[in-house]
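A.B. asks: Those letters in the sequence shown? Residues 5 to 334, by my numbering. We put the beta carbon where it would ideally sit given N, CA and C, even for glycine. I'd like to ask some things about the structure below.
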Amino acid sequence: MTRLSKQWIQHNQVGVYAIAVLFAIWVGLGLPSAGSLLELVINPVLAVLLYVTFLEIPFVRIRRAFRNRRFMAAALGMNFVIVPVVVFGLTRFLPQEPVILVGAFMVLLTPCIDYVITFTDLADGDAEQITAATPALMLVQLLLLPMYLWLFMGQQVAEFIEAGPFIEAFVVIIALPLTLAWATELWADRSERGEQWQDTMEWFPVPMMGITLFVVIASQLPRVQDSIEQIAAVVPVYVAFLVIMPLLGRLAAGLLGMDVGESRALVFTSVTRNSLVILPLALALPSEYALAPAVVVTQTLVELTGMVVLTRVVPGWLLPDAPSSIPSNT
C-alpha cells in the first residue's frame, strides 16, 4: 500500500505542481507582504529539494555514470556552446532593455541541476547521467555566466555578477545536499534505521518540488503584477527555446550514436534551465535590475508548462523506444 501511494504521487506530480502554482498565485496576489518572508527560505527549501532528489539515484550508478565521457562532453557542449548561440539569436526579438535582457540571459544560459533529474526520469531517460553531470554543469555555469553576460551585454552588467552568491548557492544547494545524500546512502547500507530513513525520504521529492514552486512564485509574484506587459515580452522567447532545444538535443544525440536513455537525458539537460537556483543571484542584482527576478520566475512557469508536454512528446514521438529511433555513425 505504501509503495502504491508513492507511485501515485509520482504519477500525479504534475497535478501536485499545478496546485502549488495556483496556491502560490493566490498568496502572491492576495498577501503580497508575505513575499519578503518567503524569500528568506528559498535557499533552504532548494537545499532540501536537492537532498531528496539526489537520494533517488543510487550513488554506485552515479559513479558509473561519471565514466561516460561522451555524455558529459555532449551535455557540456550543448549547454555552453549551442545554447548560448540559440539564446543570443532569440533575445534579438526582445525589447533591448537591460533589465529584461539580464534576467533572460541569466536564466537561459544556466542549465538546470534540480528538477531536470525528475523530468528525465518521468520520460524514462537516463537520470543517473544527469545526476552525475550536475556538479560539472553547476561549476561551469558559475565560471561562464559572467563571461557570456559581458559578451552579450557589456562589461557594466557583467561586473554586477559577483562570485559570492553563486559560490554560496553551489555549496548550500548542491555540494551540501549531495554530500548528505551520499552519507545517507552509506548509513542505509549499514543500519536498519538508516534504511527506514531513506525509505521515508522517497515520499518527499514531489511534495518538496511543490513547496519550492510555491515559495519561489509566491515570493516573486508581487514584483511581476505591476510590470505584466514587460514580463509578457519574454514568454514567446521562452516558448521558442522549449521548441528549438529538444530538436537540437535529439540531433546531437543521433550524431553521437547515443542510446535512447542517454538521448532523452541529453534533450532534457539541453532544454531545462536553472531558474530556481539562479533566482538568489538575480535577487542580488542592484535595485535598477529589480525586475530581473520576475523575468527568471516567468521562465519557471513557462518551462513547467512545457515539461508537461515534453515528458510525453520526448518518449512518445521525438525519441521513442524503437531501436531504430537513434541513427548511429557506426
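#1: Out of curiosity, what's the CA-to-CA distance linking P297 and E196?
#2: Specify the secondary structure class of P115 as computed by DSSP and reduced to three states.
#3: Give a yes or no on whether the C-beta atoms belonging to T273 and V120 are separated by under 8 Å.
#4: Rounded to whole angstroms, what's the CA-CA distance from P139 to A131? Just pull it up for me.
#5: Inspect the CB distances between the stretch 107 to 115 and the stretch 42 to 51 and report whether three or more fall short of 8 Å.
#6: Please report how far the alpha carbon of D128 lies from the alpha carbon of E292, in whole angstroms.
#7: Within 10 angstroms of its Cβ, does R71 collect 16 or more other Cβ (buried), or is it exposed?
#8: Counting C-beta neighbours from all protein chains within 10 Å, is the total for M142 16 or more, i.e. buried, or is it exposed?
#9: With respect to the alpha helix (DSSP H) encompassing L322, which residues constitute its N-terminal and C-terminal limits?
#10: Mark V85 as exposed unless 16 or more other C-beta atoms lie within 10 angstroms of its C-beta, in which case mark it buried.
#11: Within 10 angstroms of its Cβ, does P290 collect 16 or more other Cβ (buried), or is it exposed?
#12: Could you check the C-alpha separation between V281 and V176 for me, to the nearest Å?
#13: Could you check what DSSP says for R277 in three-state terms: helix, strand or coil?
#14: Decide if the stretch 249 to 264 is in contact with the stretch 9 to 27; the criterion is three or more beta carbon pairs, one per stretch, under 8 Å apart.
#15: Which first and last residues belong to the alpha helix (DSSP H) in which V247 is found?
#16: Please name the residue in A179, G198 and L180 whose C-alpha comes closest to that of T188.
#17: Spatial neighbours of V56 within its chain, please: CB distance less than 6 Å, with the 5 preceding and 5 following residues excluded, ordered by chain position.
C.D. replies: Straight from the coordinates:
#1: As a working mapping, residue 297 is identified with position 293 in the sequence shown. As a working mapping, residue 196 is identified with position 192 in the sequence shown. One C-alpha to the other measures close to 44 Å.
#2: Taking the first residue of the sequence shown as 1, we reach residue 115 at position 111. Correct three-state label for P115: strand.
#3: Mapped onto the sequence shown, residue 273 falls at position 269. Mapped onto the sequence shown, residue 120 falls at position 116. Their beta carbons are under 8 Å apart, which means T273 touches V120 by this criterion.
#4: The residue you call residue 139 lines up with position 135 of the sequence shown. The residue you call residue 131 lines up with position 127 of the sequence shown. Rounded to the nearest angstrom, the two C-alpha atoms are 14 Å apart.
#5: no
#6: Start at 1 with the first residue of the sequence shown, and residue 128 comes out as number 124. Start at 1 with the first residue of the sequence shown, and residue 292 comes out as number 288. When rounded, the distance between both Cα atoms is 43 Å.
#7: As a working mapping, residue 71 is identified with position 67 in the sequence shown. Exposed, because fewer than 16 other Cβ atoms sit within 10 Å of the Cβ of R71.
#8: Taking the sequence shown and counting its residues from 1, the one referred to as residue 142 is at position 138. By the 10 Å Cβ count, M142 comes out buried.
#9: As a first step, residue 322 is located in the sequence shown; it is residue number 318 there, counting from the start. Element bounds for L322: n/a, residue is neither H nor E.
#10: As a working mapping, residue 85 is identified with position 81 in the sequence shown. Answer is exposed; the Cβ neighbour count stays below 16.
#11: As a working note, residue 290 is residue 286 in the sequence shown. Under this definition P290 is an exposed residue.
#12: Position 277 of the sequence shown, counted from the first residue, corresponds to residue 281. Position 172 of the sequence shown, counted from the first residue, corresponds to residue 176. Between V281 and V176, the C-alpha separation is close to 10 Å.
#13: One-based indexing of the sequence shown puts residue 277 at position 273. Reduced to three states, the DSSP call for R277 is strand.
#14: no
#15: Within the sequence shown, numbered from 1, the residue matching residue 247 stands at position 243. Unbroken alpha helix (DSSP H) run through V247: V239 to L259.
#16: As a first step, residue 188 is located in the sequence shown; it is residue number 184 there, counting from the start. For the residues A179, G198 and L180, the minimum Cα distance to T188 belongs to G198.
#17: Translated into positions along the sequence shown, residue 56 becomes position 52. Only M205, F208, P209 and M212 meet the Cβ criterion.
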